[in-house]
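Our numbering puts the sequence shown at residues 24 to 304.
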Amino acid sequence: MQYGPALRAAAGIAVLSIMDAVIKGMSAYYPTFQVTFLRFACGTVIATGVVAALRPGWPGRETVKANLLRSVIAVVTAVSFFYALGQLPLAETLVLSFLAPMFIALFGVLLLRERVDPKIIAAIVIGFGGTLVVVLGQTEEASAARSWPGVGAALLSAITYALSLVLLRQRAQRDKYLHIVYFQNIGPAVLSMPFGLWAWQPLNLGHLAWFMLMGVLGVIGHVLMATAYAKAEAARLAPLEYTALIWAVLIGYGVFAEIPTWATLAGGLLIVLAALLTSRR
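Structure follows, in structure tokens:
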């Protein structure tokens with residue numbers, strides 16, 4: 024695999040992991056639906072500015088219809104994942120979402136007729152093994168305090184996120200990446216607006232900067248991911264999702280004082296191995 028798409032995907036995952044940390048911080052103050060709406064509304068403001076500056080032209084009817092479907096999936100993914108972030112430690116939320124590469128490979132075969140070679144399968148198995156080490160290696164106290172609705176939400180987001188990335192791969196080969204990024208923001212913003220307004224709580228104006236930061240990070244992350252998936256197969260990039268655990272551990276410890284267990288660190292090593300394996304021919 025060319026290193027360019029892999030590096031872009033890894034960078035996109037890093038940027039979106041930082042965005043997840045900001046979302047987790049804001050989830051302590053506002054309902055999930057409000058956070059979801061504001062994240063995509065601010066992303067729409069940023070994406071509109073980028074599109075106005077670069078002028079990619081008007082999208083075709085097929086592009087609009089296909090990306091509207093991705094918008095619905097994006098809302099389900101965001102709501103479930105943001106809810107999980109508010110209920111679980113950052114690292115644990117990311118770990119539970121690591122079922123996504125399994126479904127990315129599956130959906131890639133079913134929807135895109137991609138061929139999954141043995142090396143990719145090995146990387147996914149190794150990475151998922153690292154995920155199991157993290158989950159099963161938690162202390163009894165941590166397991167007892169676990170939010171099972173949060174766990175269910177994280178698992179749901181893994182499935183819908185995988186479907187979203189495979190559809191991204193499908194559209195990235197046909198549509199301009201700026202069109203994809205724009206619809207990735209404005210579609211979910213419109214769809215989540217009624218729920219966000221229904222759950223609305225008074226907004227601290229000091230927090231508006233954090234929501235705008237979410238928008239900036241979301242647009243940058245989506246540009247990196249769209250351009251990466253336009254050049255490489257979904258299944259081949261899927262194991263790179265495991266690198267998000269590295270950022271989750273670092274940010275969780277540095278920002279939220281969430282101390283990673285030895286199981287988390289050991290599983291992380293396996294996850295890094297999986298990411299390195301998939302980036303080599």
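All C-beta atoms in this analysis are idealised placements derived from N, C-alpha and C, irrespective of residue type, glycine included.
In terms of Cα proximity to residue 142, the closest of 292, 259, 280, 90 is 259. A residue is called buried once 16 or more other Cβ atoms fall within 10 Å of its Cβ, and residue 31 is buried on that count.
In this structure, 153 is the residue among 222, 207, 153, 76 with its C-alpha nearest to the C-alpha of residue 120. Counting C-beta pairs with one atom in each stretch, the stretch 36 to 46 and the stretch 105 to 122 have three or more that are closer than 8 Å, which means they touch.
In the structure shown, residue 256 falls within a coil segment according to DSSP collapsed to helix, strand and coil.
Annotation: residue 282 is outside any alpha helix (DSSP H) and is labelled neither H nor E by DSSP. Annotation: the continuous alpha helix (DSSP H) that includes residue 217 extends over 200 to 221. Just so you know, the alpha carbons of residue 69 and residue 98 end up roughly 18 Å apart. In the three-state scheme derived from DSSP, where H, G and I count as helix and E and B as strand, residue 81 is classed as coil.
With respect to residue 124, residue 262 sits close: the two C-beta atoms are nearer than 7 Å. Under the 10 Å beta carbon count, residue 66 is surrounded by 16 or more other beta carbons and is classified as buried. Residue 197 carries a coil assignment under DSSP once its states are collapsed to helix, strand and coil. Straight-line spacing of the CA atoms in residue 149 and residue 126 works out to 15 Å. Looking from the CA of residue 96, the closest CA among 61, 273, 188 belongs to 188. Ranked by how close their Cα comes to the Cα of residue 192, the residues 73, 254, 147, 294 have 254 in first place. Boundaries of the alpha helix (DSSP H) harbouring residue 124: 123 to 135, taken from the DSSP string.
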